[in-house]
Every structure is written in C-alpha cells, then in structure tokens.
Amino acid sequence: MYRYDEFDAAFVRQRVAQFRDQVARRLSGELTEDEFKPLRLKNGVYLQLHAYMLRIAIPYGTMSARQLRKLAHIARTYDRGFGHFTTRQNLQFNWPKLSDIPDILAELAEVEMHAIQTSGNNVRNVTADHFAGATAEEVADPRPYAEIVRQWSSLHPEFSFLPRKFKIGITASEHDRSAIKTHDIGLHLKRLAGGGLGFAVWVGGGQGRTPYLAQLIRDALPEADLLSYIEAILRVYNLHGRRDNIHKARIKILVNSIGLQAFRSEVEAEWARIKDGVLKLPAQEIARIEAYFAPPQFATRPPPAALRPADRSFDRWVTRNTHAHKQPGYAIVTISLKPIGGIPGDASAAQMDTIADIAQRFSCDEVRVSHEQNLVLPHVRLGDLWSVYQELKAIGLAEANAGLVTDIIACPGLDYCALANARSIPIAQRLSARLAPRQDLVGDLKIKISGCINACGHHHVGAIGILGVEKRGEEHYQLLLGGSGTEAAALASITGPGFGPDGIIDAVEKVVDTYLRLRAGPQEAFLAAYARLGAEPFKEAIYAST
Amino acid sequence: MPAPDPGLRAPLQPSLTGEVDAAGLIWKEGAFRRDPWRPCPVGGELGASPVLLDKARWAAERARLLSRPAPIGLSLAGGDGVDDIAADLTRFALITLNFAKFSDGRAFSTARLLREKYGYGGELRAVGNVLSDQIPFMRRVGFDAFEVHHAPTRRALSEDRIAEVGLYYQPIGSAPGPGTRAWLRSSVG
Amino acid sequence: MSKASGHVQVLTANRLSDGAVVFLNFDGDWVATLAGVVIARSPDEVRGLSARGLFDAGRNLVVDPYLVEMREVAGALLPIRQRERVRLEGPSILDDVPGYTAPAASGVGVNAGGNREAACGDRGRRAEAA
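Residue numbers (my numbering), protein chains in the order written: chain A, 1 to 546; chain B, 547 to 735; chain C, 736 to 865.
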C-alpha cells in the first residue's frame, strides 16, 4: 500500500497546523461560524445532532494494522469507544470535541492518515473495489490510479469551491463492486485495443433527491490522460454547475439538463487544449506508484488437505464470507460488521484492535473497508481461515451473512445525523432480527436504508430500499424495490404509500415472503425474480388489507 | 511576490499600482494601497481616469473604446465567460473577478483560463468576498491583487500571517514554483 | 408558532467548543438539561428568545441556535417532533453500540450545568426481538 514520502508527511503536518490555527480563530471569535464552516468541512468536521462528527479518510478503503490501531486509540481516547465505517469507505467518530480535533488530526498524521476533503464542495475520498489487488477478476489493481487522483485533487486551488461535493469511484473488474455508476465520475479500468491500460469514463451518477445513473462519456481513455480528462470535466462543472439551489448543484443535474452530447463537447473541447500539457502522466510515474501496491510475498506452501475440524458454522462462514483469491492457496475474507440485531458498520475500539492483530498476523498487515460497511481481510491463507474465524467469533464478528438479507446498509440516520428525518439504525436492527432465521433460504438480497433524501444509505440502489421521511413530526418510511449498484445498475422504484416504523418491518417481510413463494427456485435470486415478476405481486402482498 | 510569468502577454497599457496606504482596500505587491481605478456607474460617463467597465458596457461601446488612451479595466461577475472577449484581453490593464459568496468558486477556473489559455498578463484582482483562507488558492490560480474588506483578513495580510499549506500536489500554470510535486509534471521539452 | 394550546418554545443550540446539545436557562446559562429552561409562550417572548440565541452565537458561546416546540405535560416538557425527542434524549440505540463508553459526568458547561450525556448512556432502547 502507499507509503508517505517526506512531501506527503510534510503536507499533512502543515494541514494540521493550518487547521489548528483556524480552530483557534474560531474559538476566539475571529472567524464567524459562516466563515469557519467551509473550512471545517474541508477537514471532515460536521456539526451533527448531538455533537460534532469527524469523518476520517481511508483512501480507497485500504489500511494497515497500525492505522487501524490508531483509529481504535482515537475512539478510546477522544470519543466514546467506537467508530462507524461508512458507505464511502471512511470512518466516522460521533463525539469529538472541536477543541480536541487538531490533536486528533496530529495523531492521525503520525500514521499517515488525515480527514482532508472528506466533506465540503471538493473532490471526496476516491473509492475503489474492496477486493482490489486480491481478486483474479481485475485487469490490474485500480488503487494506484485512485492514489494518483487522490494526490492531484488534494487542496486543488481551482476545485476547492465546487458547486457541490464530487465523488469518484473506480473498479477494474467486469463485476462492479464499487458502484461506479452512482458516482459523479466512475472509472472502469480496462485493457484497451492496442494492449495498454485505460478507462471507460462514466459521468453524472449520483443519489440524493434526484438519483441518476452515470452515462458513458468516453469509452477508451488511455491511462496517461486520466488527470487531464478529469480536470476538463471538473472545470466544465465548476464553471457551469448550478449554484442557486443546493438540490440541483451536482454534476448529474448539469449533464442531464444540457444532455450528454453537449456536455461531452464542452469537456472534450477543453480536454483537447490541455491533454498534452503538464498533466499527462508519465509511464514511469504510474509504475512508481504501482510499485507501492505490489502484492505481498505470498507463501507457496500447498494448502492443507482439510481446512478445519467438522464445523457447520465455519462451513457456512467460508461459503458466504470468503471469495476466491488470485493466488492459489489464499482467500479474501469479509468481516461482517452486521451481527444479527446489531448496528450496521459499527466497531468498538477493542474489536478494531483485534482485527488489526488478525490483519497483521493473517492478512499481510492489510485490511479494507467496503462501501457496504463491512471490513475485508484481503490475503488470508486457506490454512489460516479456521484461526481467523475463531478469533472473529470471539469478538462477535463472525456472522456468515455477507450479501445476505441481514447484511444491511444503513446510514446513521436520525440517531446521529442533523440532516435526517427518521431513524434508520433501529429499522436495520429489527429487520435483521426478524429475517435472520431465513437468511440462508433467502440468499443474496441487499437491503439499504437511508434516514433522509440525501441517500447516504444508498437506498436508490438497494434490491429493497427504505427511505425515512418525516410526516407530521413523526417517522415514516417509503419502500422501494429492484435497485442495484453493480454493473447492471438500476434505480429502485417506490412501491406506493409509506409505512410507520412497525409497518415497514412487516412490509419488508411480506416482500421476502412473496419472493420465496414465487421464485422459480433457490437459484433465482431476488433481483432476477423481481425482473421476471414485476412489481405487482409484491405490491399486492404489501398493501393487501390484513 | 513571484516574478511575473514570462509566458504571459503584457497588456497594451501597464497595470497600475496605487500608493501604499494602510487604509487602502487593495492588497498588491506586499502592501495595502489606494485603488487607482474606479468603477463606471451603469449608464454613466467614462471620464478620463482609469475606469472599470462590466462586460455589457464594454460590448456596447467597444468600437469607440478600442482607441481610448486612458486605461480600461474589465470587471467580471462570477458567471461571465471570457471566451467571447479573448481577442480583446490586451486592452485591459486590469480584470477583476467577483466572488459573490466566498463559496462561489467559478472565478478560480476563470482566472486560470485568463492566465493559461489566453495568456492574460495584466493585473488580475479578486474582489467581493475575499477571505484569508482562500487567498493562497487565489494566488496559485493567478490572482495578483485582492480587494479586501474583511478586517481579520486585512490584519492577517498586513502581519504576513496567512496560514497556508505550502506544498502543492498540482502543477498550476506553466511555472509552478518551489514546493510543487514534481512527479505530476511531464518532463520538459 | 405556538399555535396549539399547551405548546411552548425553548431555545437550544450546540456548544461551540464540544458540540454538546445545550438549552438556555433562566440564569442565562447554556446547560445540557431542560431543568430551569427558559420557556417562551407569547409571540414577544418567542422573538426575544430567538434574538438571545443569535446574540449568544455572535458571542461564540454556541452555534446554530434555534427554537424547539414543546408540549407541557404534567409539569414536564416533551418535544413535538421526533427529531427533537432524539436530540434531547440522545441516540436511541446506545445500549447496542459495541464498546460504547458513556462520558464521565464532567459538570463542564458554557457556564456550568448538568451533564445530559451521562443520561444518554443509561437510556438506550433495545432493538425489537423477532
């Protein structure tokens, strides 16, 4: 993984010093809240319902054990003993004091971490496939490019006051685990005709009040042109994106209002001017960054004949929570942060420490955060799976439910978030408890819950999506069906009138019942069944009286 | 202040630098100064002194103004494009770009287009909501003068206390200067 | 805003230094509990309270002041909106947060006051069992 050199280390230290100065000027009153707010947002500091919230960047979701231990330490020392992993591969702390945040950032800088641009109207954390560098499916590891874009976009003087936030996601496999079509720019790394590497570039995706799937703006962009092309897109957006209405300010609105053709012409006219200039990526520089992501030294001992003593739960866990690795004898392990009835995506300081140990001993010192609010151990030897399973079980994180109906994505919702209209966590907990007994029977089914229209829970691309709203001062929930964030991306459709907190649990259960009743067999997953049957049978079941 | 970029085209008339005055509104070349320019009131007379026109006024009187001996400046709003006046840029000793709100970042792109696409070499001044935390970004994209009303920002400039991260990950302009991440440039030539 | 009978307004904000939820009390202090909170009933009182919020935000004691509509029930104050109930009581799920440690009662307020946060640790609601 990437290691800071002196330049990078000095950069984050200076940034901490700059923010310390800004906090001091705020606390003394020299800066008003209006003046301070955009500055604190650029360091990931929100004011939430109960307290400040600090969002820490985990670039493309990759961390070392040392970094994870530092996060545990911060949770214990400055917060209330836990953290929340987000749908953009970041980590959130819910209770930091503003006066402590410069010290927290200084501690993060010691382990090459920061909170730069995890909020604000700038380029946010560039997310990547959480199986990058480990799956055989990818054409190459996408993370070096994510690192290049991360550096180039850090404190970019031209693009620090965009009309709105800007999210870039990157994948390198045909099966898209990064949901690139829901991003402002989605990048699909692939082999171009002629043999070199390049990108299909997608633009204008985004959820929120008006969801759109991204459109293909350029199918074969050579890797050397990556930064100049992104700069052209950002410049057109910066100049022409709407600034009069916060709900109409994302690039998706611009692309869809002037049309992809017109947008593409603007971008390519600007790109033609700059493409052979100072941003053209030299091949040796790409190679230099790639070297940081070289695979670890894999052991070449043959895997054991038997993985473990006979144990059905372990079997289930291996089946559900491990994925094929490109290196024979290895597996990719998903640590589900969705214990039955638990809070999606949360981990205690103690759990983080233990996972750091496991990663160090069994996963080549690397751990990933997925946008599904789970963690990933990317390089585990098959012979070590039993030990890993036991250690995860001891900390309550061995639920074999990756991708199942209890592997729910939920934003923090009204329990934490000042923007929320309804709570999402208790809904997730109750659904998990209600559906757990049948989770294996149901199979792959993503439930995604957002507590407000900002869609941080990605409900628009859930097979079952739930949107919390406020109705006459009380919590109310809309139900959507049929969404997907994968390469077969689709926006979910609303079923009809919404439900109260009890009604939504029952409604989701009826959807699941209907699926089980009408599917062609266990091999027909929910989305396929929904595509075949249409929404009608589900709506009938949900809205039937009694 | 760094030396002017030799790649930029000097305007037909030199840019003006007002007298040093601690109460002056214009921060330029390391000091607060009086403003030698005045805005032309809408529909008003141009007069003889250096005058700032908006795009509409320039367009309306362009033919007549092309031969005006006294300096002319252009004041642009956040949404004003510059492609349609690119041919006239050497006519302006000063261009001002307005930050209507400090969150309105359009002028950062406009500034770069003026400097890097069109080679504008005159004074490029940030006006409107100019605050200390944006000034380092403004400098990097090509502003060399700032109209500053905000008292804490004025103090920070006078005392040379603008906190900046002096290490840059992006090359901006043709001469990025010290501290720039070298590997993001292609080799020269 | 106090259109319904029995509805009153209180002034709330977040403390600047640590973001804690606070309410304005009769001593003019910002405290983390509703005990002794200033209650506005008439339109004039509401305006006055609102102005006080802006004034104290300008003094950099608090950020984002606003009025919360409450119902008076048997001598206690209950927020009308679910959002304000959660904000008053703390996250509803703290019992289920792995490793959650309630803060030590600090008694530190802008001008002293109770510690609402400790109460949050005690009261998280359980998830419904299947």
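All residues carry an ideal CB built from backbone N, CA and C; glycine is no exception.
- For residue 160 (chain A), the C-beta contacts it makes with chain B under 7 angstroms involve 651 and 683, in order along the chain.
- Between residue 241 (chain A) and residue 222 (chain A) a beta carbon distance of about 27 angstroms is seen, past the 8 angstroms cut, so the two are scored as non-contacting.
- Under the DSSP assignment, residue 468 (chain A) falls in the beta strand (DSSP E) whose first and last residues are 464-471.
- Contact fails between the segment 426-444 of chain A and the segment 376-393 of chain A, because fewer than three Cβ pairs, one in each stretch, are under 8 angstroms apart.
- For the 9 angstroms CB-CB criterion, residue 522 (chain A) and residue 443 (chain A) form a contact.
- Below 8 angstroms, too few C-beta pairs join the segment 142-151 of chain A and the segment 26-42 of chain A to call them touching: fewer than three.
- Around residue 323 (chain A), the same chain offers 332 as residues with beta carbons nearer than 6 angstroms, after the five sequence neighbours per side are excluded.
- Against chain B, the beta carbon of residue 156 (chain A) has neighbours under 8 angstroms at 715 and 716, listed in chain order.
- Residue 671 (chain B) does not reach chain A, its nearest Cβ partner there being about 17 angstroms away, counting only Cβ pairs nearer than 8 angstroms.
- Against chain B, a Cβ distance below 9 angstroms from residue 297 (chain A) picks out nothing, because the smallest value is about 27 angstroms.
- At a cut-off of 9 angstroms, the C-beta of residue 690 (chain B) has no neighbouring C-beta in chain A.
- The Cβ atoms of residue 504 (chain A) and residue 408 (chain A) lie no closer than 9 angstroms to each other.
- If you ignore the 5 residues before and after residue 82 (chain A), its C-beta comes within less than 7 angstroms of the C-beta of 75, 346, 347, 348 and 349, all in its own chain and listed in chain order.
- Taken in chain order, the members of the segment 236-252 of chain A whose beta-carbon sits within less than 8 angstroms of a beta-carbon on chain B are 238, 239 and 243.
- Think of a sphere of 9 angstroms around the beta carbon of residue 317 (chain A): no beta carbon from chain B falls inside it, the nearest being about 42 angstroms out.
- Where residue 291 (chain A) is concerned, the enclosing alpha helix (DSSP H) starts and stops at 283-292.
- For residue 497 (chain A) and residue 481 (chain A), the gap between their C-alpha atoms comes out near 13 angstroms.
- For residue 190 (chain A), the enclosing beta strand (DSSP E) has its first and last residue at 185-191.
- A straight line joining the alpha-carbon of residue 175 (chain A) with that of residue 695 (chain B) spans about 54 angstroms.
- Pairing residue 491 (chain A) with residue 202 (chain A), the inter-Cα distance amounts to about 16 angstroms.
- For residue 220 (chain A), the closest alpha carbon among the candidates A:193, A:227 and A:327 is that of A:193.
- In this structure, residue 691 (chain B) places its C-beta atom within 9 angstroms of the C-beta atom of residue 670 (chain B).
- For residue 291 (chain A), no chain B residue has a C-beta closer than 8 angstroms to its own C-beta; the minimum C-beta separation is roughly 13 angstroms.
- The segment 354-369 of chain A makes contact with the segment 49-67 of chain A; the number of CB pairs closer than 8 angstroms reaches 3 or more.
- By the criterion of at least three beta-carbon pairs nearer than 8 angstroms, the segment 515-529 of chain A is not in contact with the segment 601-617 of chain B.
- In this structure, the straight-line span from the alpha carbon of residue 353 (chain A) to that of residue 401 (chain A) is close to 22 angstroms.
- Taking 9 angstroms as the threshold, the shortest C-beta distance from residue 30 (chain A) to chain B falls below it.
- Put simply, the CB of residue 638 (chain B) is far from chain A, with every gap to its CB atoms at 9 angstroms or more.
- Contact check for residue 468 (chain A) and residue 475 (chain A): beta-carbon distance about 6 angstroms, within the 8 angstroms limit, so the pair qualifies.
- Beta-bridge analysis with DSSP links residue 749 (chain C) to C:756 and C:798.
- Taking the Cβ atoms as the reference, residue 173 (chain A) lies roughly 6 angstroms from residue 135 (chain A), within the contact range of under 8 angstroms.
- Of the residues assessed, residue 247 (chain A) falls on the exposed side of the cut-off, its CB having fewer than 16 other CB atoms within 10 angstroms.
- DSSP places residue 581 (chain B) in no beta strand (DSSP E); its state is neither H nor E.
- Judged by DSSP in its simplified three-state form, residue 634 (chain B) adopts helix.
- For the segment 408-431 of chain A, the residues whose beta carbon sits under 8 angstroms from a beta carbon of chain C are, in order, 414, 415, 416, 420, 421, 422, 423, 425, 426, 429 and 430.
- In the structure shown, residue 680 (chain B) adopts coil according to DSSP, grouped into three states.
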